[in-house]
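Residue numbers (the UniProt record's numbering): 1 to 491.
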Amino acid sequence: MKLDHAVVKDLYPVYIENELSPEVKQAVEEHLQICEGCRNSYETGEGFFDQLKEIVEPEAPISMDEKLLLKVKLNRLKWVAFLLIGIILSMVITDYKNDREKLFLALTDYYSTQRHLPDLFEVVKNEEYSDLDDVHAVVHQFFENKIALEEHFNFIEKRSLNNTTYYLSMNTSRFTNMLEVMKYRYDHGLWSETDEAAYQQVQQYFNHLNQVMTEEYKEMHHGYSSYFETLNVKEMDEFYESINELSDSYTRFHKLSEQLHPLEKMELNQKVANIIETDMKAITLEKESPLNEDPYTYNYRSKGDYSGLIDGITGQILELHGNHELTSGPIMSEEEAEETAKDHLEKIYGDEVQFDLVSLGFNYNYSANDSRFKVYSYRLVPYAGEYRLYSPFERGTILHLDARTGDLNMFHHNPHVPNFDELNQTELDIEVSKKTLQEKGLNVSETVIIYSALSGEFELVHMDSTLEDFEEGKYYSAETGNEEWIYFNDR
């Protein structure tokens, strides 16, 4: 089949859509082989697209009336578009305005609450007040007001919040515990330079926050320009960082935060490496968020073997998790397992800490689908002299040992005792006997050592075993006969 040039050009649209019959398509391709002009046109599309455009484009209105009608419709659409844009902008502006006004109200509540706290804290050193119930209530309200304030942050304030250390969060439980300890120590003649310095710092931090929030309050209540102001979230968070670090150092160690001396990362690396017997270069350290763990806590990891937590202040291994493959070898004897467990604990605590191991049997608090999983479980009970260390809920230190290989499967240090380094320095002389306290009507029955919330030291106490751990009158000092408080880590 032979085709002339005009026919080939007319067939271009259906050719490129591949809608030609095989015979016609073959004829077109034979023509393109012998006709250079048509072949170039097919390859470049020259001359065809203009024709297609003419086909696709609608014809313009013919009459003047139709042109005028189209113009009116276009103008109407423009006005509708402008109206919609105006409505949307008005809604956005109104929402922003309402959100900022809610922020202003929340800021007023937050400002009013924190402004009165420094004066309220004076009840700590006022013997006319027997408790801190009013302080607890206002501190809780301060926390609630902060939550309400944060709910109305704009995107700039939220971005600033995400770049802070404490996210404007205060550990209210630890803070109020600090105030309770201060109150008890003041009322019972135990007040020290450390207590006074900590008390003054609390006042100082809240007074500084009050200065910051006074400026913020003025900027947020200054006419229409207030809608374009943003809170100085970073400076606000400096208060939370200071108060949290003070609360932590005072309640855990009975020290000021500046009296603590964090260990260098190299020292922490070396401690971990010595315990798991690996090259310290294989250890990676990453600081944990103080919202999740105590300040200066680090997450460590060795290549494929172990991971866990270490305290950057004491250097104490807090957690250790083994990542070993399960094996099907023979199970160690109980005697061999206990000796292996003691070897591991000596690496962790050194050879000066005296302790007993209490066997908890196989797979204590563990459930595993693989029958090869077998661990010996132990609780560590440290002691000094003849007296054991008592912990809240008798939780203590737990160790799980692979029953086949002797590798550490898991280790958890007692969370309610920073470390055991000074346990053997506990004063063990009894000045006030159990009998003396019993004659006063106290139901004490056992003498133990506790880590004291009042002194940040190990104290020998007589204990009423019938009371719950935090009930009033459970612990009494064997030195003074006064009531003692046991430390509890609330994280």
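Beta carbons are placed, not taken as given, at the ideal position from N, Cα and C, and that holds for glycine. Keep in mind that this is a model prediction, so the values were computed, not measured.
The C-alpha of residue 289 lies about 36 angstroms from the C-alpha of residue 473. Looking at the DSSP output, residue 486 shares a beta bridge with 452. Looking at 385, 297, 377 and 82, the one whose alpha-carbon comes closest to that of residue 423 is 385.
Cβ-Cβ distances below 7 angstroms link residue 409 to 322, 375, 400, 401 and 402 in the same chain, with the five nearest sequence neighbours on each side left out; the list follows chain order. Of the residues assessed, residue 127 falls on the exposed side of the cut-off, its CB having fewer than 16 other CB atoms within 10 angstroms. If you draw a straight line from the Cα of residue 381 to the Cα of residue 396, it comes to about 7 angstroms.
A distance below 6 angstroms between beta-carbons, with the five flanking residues on each side excluded, links residue 103 to the following residues of its chain, in chain order: 152. In the displayed model, residue 101 falls within a helix according to three-state DSSP. With a cutoff of 9 angstroms on beta-carbon distance, residue 434 and residue 462 are scored as near each other. Just measuring C-alpha positions, the residue of 295, 307, 351 and 372 sitting nearest residue 325 is 372.
With a cut-off of 8 angstroms on Cβ pairs, the segment 209–222 is not in contact with the segment 133–149, counting fewer than three such pairs. If the five residues before and after residue 309 are omitted, its C-beta is found closer than 8 angstroms to the C-beta atoms of 288, 293, 297, 298, 299, 300, 317, 318 and 319, all from its own chain and listed in chain order. If you check the CB distance, residue 415 and residue 491 come in under 9 angstroms.
For residue 163 and residue 237, the gap between their C-alpha atoms comes out near 10 angstroms. Residue 221 counts as exposed, since fewer than 16 other beta carbons sit within 10 angstroms of its beta carbon.
Excluding the 5 residues flanking it on each side, residue 286 has same chain C-beta neighbours closer than 6 angstroms at 299, in chain order. Taking one beta carbon from each stretch, the segment 213–220 and the segment 107–124 have 3 or more pairs nearer than 8 angstroms; the two touch. Here residue 416 carries a coil assignment [DSSP, helix/strand/coil].
With fewer than 16 neighbouring CB atoms inside 10 Å of its own CB, residue 261 falls in the exposed class. Between residue 132 and residue 194, the beta carbon gap of about 19 angstroms keeps them out of contact (Cβ cut-off 8 angstroms). Per the DSSP secondary-structure output, residue 354 pairs in a beta bridge with 383. Proximity to residue 432 across 361, 475 and 18 peaks at 475, based on C-alpha coordinates.
If you draw a straight line from the Cα of residue 430 to the Cα of residue 478, it is about 5 angstroms long. Annotation for residue 444: no beta strand (DSSP E) segment contains it, and DSSP assigns it neither H nor E. Between the segment 181–199 and the segment 153–161 there are fewer than three inter-stretch CB-CB distances shorter than 8 angstroms, so the stretches are not counted as touching. Taken in chain order, the unbroken stretches of alpha helix (DSSP H) that lie wholly in the segment 110–179 and span 4 residues or more are 133–150 and 155–162. Judged by DSSP secondary structure, residue 464 falls outside any alpha helix (DSSP H); it is assigned neither H nor E. For residue 44 and residue 76, the gap between their C-alpha atoms comes out near 43 angstroms. Between residue 484 and residue 454, the CB-CB gap stays under 9 angstroms. With at least 16 other beta carbons inside 10 angstroms of its own, residue 254 counts as buried.
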